[in-house]
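Quick notes on the structure that follows.
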Amino acid sequence: MILLTGSTGFLGGAFYLEAFRRGEAGKYLLLVRGANEEACRTRLARNLTKHSDGATAELAASACGIIPGDLASLATSIDPRLDQVTRIVHVAADTSFDSRTSVWHINVDGTLALAARARRMPGLTRFLHVGTAFCVGESRHYEMVQEGPPPVHGAPHINEYTRSKAAAERALLAGFPDMPIIVARPSIVAGHSRIGCQPSSSIFWFFRLVDATGIVPCKKDGFIDIVPVDWTASRLHDLLNKPDLKHKLYHVSAGLGSRTTWTEFADAFAAVGHDSIARPYAHFDYRAEEGWAPFNEAFRRAFPQRTAINRSMAMGARKYHRFTAQDVAFDNSRLLEEGFEAPPQLRDYVGVCISNPGVTIAEQFMEDAESLGVAAAPAPVLNAAA
Ligand SMILES: NC(=O)c1ccc[n+]([C@@H]2O[C@H](COP(=O)([O-])OP(=O)(O)OC[C@H]3O[C@@H](n4cnc5c(N)ncnc54)[C@H](OP(=O)(O)O)[C@@H]3O)[C@@H](O)[C@H]2O)c1
């Protein structure tokens, strides 16, 4: 039996659907938040519909075992099916860039609650914990980051989300040294290589905004590390299934071979006919005296209307640009040396991600606004006379 958390999310949904397509769904026990099993299956099916057709989603949602509940409930759960679990895939997390408390409660306390229950699983052979490559914290300019232990408490971070993910890894290592833990750290998961932004547009609105504004707070020869959700989910299956892994920690990332330079990024968007006000892109440093002014000016040229949604989008873009400004990519040699499939490059699937020309950047942004902690739009003004 394989226990999976996070199946109602972006990456967990892709992971579970692949398990279903491999004919393995019957081995899975899914922890899903919901009042009862039926409500959980309905939530699961709704998420899987974004990754597949409705009939497949319904079938997949009925093919696994379900434990209704929250991560925190696991520590004391007496559900006997948990005693049969031999492998765990822990994908669930609070991925909000805004939260100050729930990221700690879910990402650290929730992970520890799961690990505490896992300790009492007699046949456990693998605990695959999904972290994030950005748990390395903030630095002015990295090149290629190698896998290493999570940074110490007090290391600088861009937000509480990455700080909590680093803390979760530290807590697992310290509290459960004998557990068969493998950590997978994806980089930036965006789009699906065949169905584009259908499962989630997530950060993709931002990539379109980067191209539309034609400016990045990065070095001229800088780059970004992006991987599609289906490739990432497949690598999690690899890391779950291969019995004799050489390491305990893996980047699931584009790495040297598939990272995207900003020139390649601009070329990829140009090749699929995306609108931009400036290619090649301009480069600036928001930490320099000029601050964000070059970006703000480019943003106003690309989005001239001074609407609430545009102001929120600019705020959201500046939050993501703090990450792009690190010019970072994550070495994936460990993953490739295991014999696993190399990631595609962004240019190979960017077309399918923007193939729905009717969807505006602002509409895609609305889906992401809440987790970024920026107001999506003001509440509609109702006609008092109505
Ligand atoms: N997306 C990326 O670019 C990216 C990059 C690097 C690493 N990661 C990591 O990949 C994992 C998945 O990310 P994602 O983008 O797929 O996130 P997501 O779409 O926000 O999904 C999060 C999932 O976690 C579940 N969850 C949250 N709190 C929970 C709790 N207290 N108890 C049980 N389940 C809970 C959610 O359930 P509900 O539906 O009930 O809310 C949902 O299924 C995370 O660990 C994240 O840190 C993601």
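Numbering-wise, the working numbering comes out as the position in the sequence shown, counting from 1, plus 1319.
Even for Gly, the Cβ is constructed at its ideal location relative to N, Cα and C.
Ligand 1 heavy atom lying under 7 Å from the CB of residue i
i, result
"T1368", "no"
"A1612", "no"
"S1271", "Lying outside 1320 to 1705, the shown extent of the chain, residue 1271 is not represented and no answer is given."
"G1328", "yes"
"R1352", "yes"
"D1417", "no"
"R1470", "Checking the sequence shown, residue 1470 turns out to be Pro, not Arg. Outside the cutoff, so no."
"L1558", "no"
"S1521", "yes"
"I1397", "no"
"T1405", "no"
"L1555", "no"
"D1544", "no"
"K1484", "yes"
"S1451", "Here residue 1451 is Thr; the residue named in the question, Ser, does not match the sequence. Checking the Cβ of T1451 against ligand 1 gives yes."
"V1508", "yes"
"D1650", "no"
"D1389", "yes"
"V1455", "no"
"T1420", "no"
"T1643", "no"
"I1500", "no"
"T1579", "no"
"I1534", "no"
"V1408", "no"
"D1413", "yes"
"P1518", "no"
"G1658", "no"
"P1331", "Checking the sequence shown, residue 1331 turns out to be Gly, not Pro. Answer for G1331: yes, Cβ within range of ligand 1."
"I1385", "no"
"P1505", "yes"
"I1425", "yes"
"G1473", "no"
Test item: CB-CB of residue i and residue j under 8 Å
i, j, result
"C1672", "F1525", "no"
"I1385", "C1359", "yes"
"L1323", "G1331", "yes"
"N1366", "T1420", "no"
"H1570", "R1653", "yes"
"Q1683", "C1454", "no"
"L1393", "A1411", "no"
"V1535", "A1587", "no"
"G1635", "A1681", "no"
"R1578", "I1543", "yes"
"V1548", "S1572", "no"
"T1414", "S1631", "no"
"A1617", "T1532", "yes"
"L1491", "H1448", "yes"
"E1583", "R1666", "yes"
"T1646", "G1574", "Sequence check: residue 1646 is Asp here, not Thr. Contact: no."
"A1437", "F1446", "yes"
"T1444", "T1395", "no"
"V1706", "D1650", "Past the boundaries of the shown model lies residue 1706; the chain is included only from 1320 to 1705, so the question cannot be answered."
"E1457", "H1476", "yes"
"A1354", "A1380", "no"
"R1504", "G1450", "yes"
"S1483", "W1423", "yes"
"E1357", "A1552", "no"
"D1402", "P1441", "yes"
"K1638", "F1416", "yes"
"I1596", "A1633", "no"
"P1470", "K1369", "no"
Bridge-paired residues (DSSP) for residue i
i, result
"H1566", "Answer is none; H1566 lacks a bridge partner."
"A1648", "M1463"
"T1297", "Residue 1297 lies beyond the stretch modelled for the chain, which goes from 1320 to 1705, so this question has no answer here."
"R1445", "R1406"
"I1500", "F1446"
"A1601", "I1534"
"V1571", "P1505"
"H1476", "Per DSSP, none; premise fails for H1476."
"L1350", "T1324, I1386"
"G1515", "H1511"
is_contact[residue i, chain D] using C-beta, thresh 8 Å
i, result
"T1405", "In the structure shown, chain D cannot be found, because there is only a single protein chain."
Inter-stretch contact (C-beta, 8 Å, three-pair minimum) for the segment 1469 to 1489 and the segment 1419 to 1436: A contact exists between the segment 1469 to 1489 and the segment 1419 to 1436.
Stretch pair the segment 1586 to 1603 + the segment 1491 to 1507: three plus CB contacts closer than 8 Å: Under the Cβ criterion (8 Å, minimum of three pairs), the segment 1586 to 1603 does not count as touching the segment 1491 to 1507.
Three-pair Cβ contact test at 8 Å for the segment 1332 to 1349 versus the segment 1371 to 1391: Result yes; three or more Cβ-Cβ pairs closer than 8 Å.
The segment 1556 to 1567 / the segment 1649 to 1666 touching (three or more Cβ pairs under 8 Å): Flag = yes, the segment 1556 to 1567 and the segment 1649 to 1666 touch.
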